[in-house]
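*Asks:* Chains A and B, in that order, are what the protein sequence lines are. Under the working numbering, residues 60 to 173 are what the first sequence spells out, in order. Under the working numbering, residues 60 to 173 are what the second sequence spells out, in order. For every residue, glycine included, the Cβ atom is placed at its ideal position computed from N, Cα and C.
Number of protein chains: 2
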Amino acid sequence: MEPAMKPVLRKVSAAEEFGAIEAFWTPRVAGELNGQLVKFVRLKGEFEWHAHANEDEMFWVLEGLLTIKLRDKDIHIGPSEFFIIPRGVEHKPVCQDECRVMLFEPAATKQYGD
Amino acid sequence: MEPAMKPVLRKVSAAEEFGAIEAFWTPRVAGELNGQLVKFVRLKGEFEWHAHANEDEMFWVLEGLLTIKLRDKDIHIGPSEFFIIPRGVEHKPVCQDECRVMLFEPAATKQYGD
Numbered sequence: 060m061e062p063a064m065k066p067v068l069r070k071v072s073a074a075e076e077f078g079a080i081e082a083f084w085t086p087r088v089a090g091e092l093n094g095q096l097v098k099f100v101r102l103k104g105e106f107e108w109h110a111h112a113n114e115d116e117m118f119w120v121l122e123g124l125l126t127i128k129l130r131d132k133d134i135h136i137g138p139s140e141f142f143i144i145p146r147g148v149e150h151k152p153v154c155q156d157e158c159r160v161m162l163f164e165p166a167a168t169k170q171y172g173d
Numbered sequence: 060m061e062p063a064m065k066p067v068l069r070k071v072s073a074a075e076e077f078g079a080i081e082a083f084w085t086p087r088v089a090g091e092l093n094g095q096l097v098k099f100v101r102l103k104g105e106f107e108w109h110a111h112a113n114e115d116e117m118f119w120v121l122e123g124l125l126t127i128k129l130r131d132k133d134i135h136i137g138p139s140e141f142f143i144i145p146r147g148v149e150h151k152p153v154c155q156d157e158c159r160v161m162l163f164e165p166a167a168t169k170q171y172g173d
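Right, dumping it as structure tokens:
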């Protein structure tokens with residue numbers, strides 16, 4: 060698989076990346092390693108129920124409180140906490156107030172799932 | 060490749076993970092996704108010069124200041140900043156005071172390189 064972004068020898072600052080993000084639910088790719096993308100995203104409100112058949116996805120919360128709704132329970136994650144959604148598991152991200160998140164997922168992942 | 064750790068449906072707290080780490084330079088595996096490991100590690104002092112022939116490695120700083128020495132320059136990273144060391148690039152992590160870091164690397168990565 061070709062990497063979606065050529066690795067560059069520079070550090071990346073979350074503050075600078077978020078400064079370049081205007082819209083909610085629009086991930087910004089900030090890095091690539093081993094075919095995985097590092098993305099920053101601003102979340103507010105609700106996203107669709109979806110699942111990724113072949114990719115695990117990680118949410119690492121930087122600011123705010125994020126609820127990951129699963130079909131049988133809710134997972135609440137705050138700053139410096141993360142949650143990995145295994146492939147095939149239906150989930151729905153929800154946050155009342157703005158939440159800033161770092162995402163890790165394969166370059167092939169589609170935002171709305173399969 | 061078999062994952063080194065079965066994904067579990069629970070959130071992970073950096074504070075709790077660091078509470079379980081006693082020694083410097085001893086990464087603690089906190090999660091696995093897509094064959095990649097999420098690790099927490101406490102750093103202080105200097106590590107060996109090394110490189111990973113086949114794996115890119117990401118350092119995300121949570122606390123403290125970390126210098127990644129490369130052969131031609133130094134990269135200084137602080138909280139909420141990250142740096143990806145592409146495969147094959149020699150590097151040497153250095154920090155005078157304690158630094159707390161989240162690492163992402165493939166499950167197969169050897170700490171001292173190849």
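(1) Using only alpha-carbon positions, find the residue among A/94, A/128, A/93, A/98 that is nearest to residue 159 of chain A.
(2) Given residue 80 of chain B, which residues of its chain have a CB within under 6 Å of its CB, disregarding the five upstream and five downstream residues?
(3) Mind pulling the alpha helix (DSSP H) runs of 4 or more residues that sit fully within the stretch 122-154 of chain A?
(4) Got a sec: is the Cβ-Cβ distance from residue 128 of chain B to anything in chain A below 9 Å?
(5) Can you grab the Cα-Cα spacing for the pair residue 152 of chain A / residue 140 of chain B, in whole Å?
(6) In angstroms, rounded to a whole number, what distance separates the CA positions of residue 130 of chain A and residue 155 of chain B?
(7) Starting from residue 78 of chain A, follow the alpha helix (DSSP H) in both directions and report where the run begins and ends.
(8) At 8 Å on the CB atoms, spell out the chain A contacts of residue 140 of chain B, in chain order.
(9) Any heavy atom of the ligand FAD closer than 8 Å to the CB of residue 156 of chain B?
(10) Cα separation between residue 116 of chain B and residue 146 of chain B?
*Replies:* So, to answer that:
(1) Here the question's residue 159 of chain A lines up with position 100 in the first sequence. When only C-alpha atoms are compared, the closest one is A/98.
(2) In the second sequence, counting from the first residue as 1, residue 80 of chain B sits at position 21. Closer than 6 Å at Cβ, skipping near neighbours: 87, 101.
(3) Counting whole runs of 4 or more residues, the stretch 122-154 of chain A contains no alpha helix (DSSP H) stretch at all.
(4) Within the second sequence, residue 128 of chain B is the residue found at index 69, counting from 1. It does not; no Cβ of chain A falls within 9 Å.
(5) Translated into positions along the first sequence, residue 152 of chain A becomes position 93. Translated into positions along the second sequence, residue 140 of chain B becomes position 81. Each residue's alpha carbon lies about 24 Å from the other.
(6) To locate residue 130 of chain A, count along the first sequence from 1; it is residue 71. To locate residue 155 of chain B, count along the second sequence from 1; it is residue 96. Residue 155 of chain B has its alpha-carbon roughly 47 Å from the corresponding atom of residue 130 of chain A.
(7) Taking the first residue of the first sequence as position 1, residue 78 of chain A is located at position 19. Segment 73-78, the alpha helix (DSSP H) holding residue 78 of chain A.
(8) Counted from its first residue, the second sequence places residue 140 of chain B at position 81. Within chain A, the residues near residue 140 of chain B are 70, 71, 72, 73.
(9) This structure lacks the ligand FAD; in fact it carries no ligand of any kind.
(10) What you label residue 116 of chain B is simply residue 57 of the second sequence in a count that begins at 1. What you label residue 146 of chain B is simply residue 87 of the second sequence in a count that begins at 1. Those two C-alpha atoms are separated by around 7 Å.
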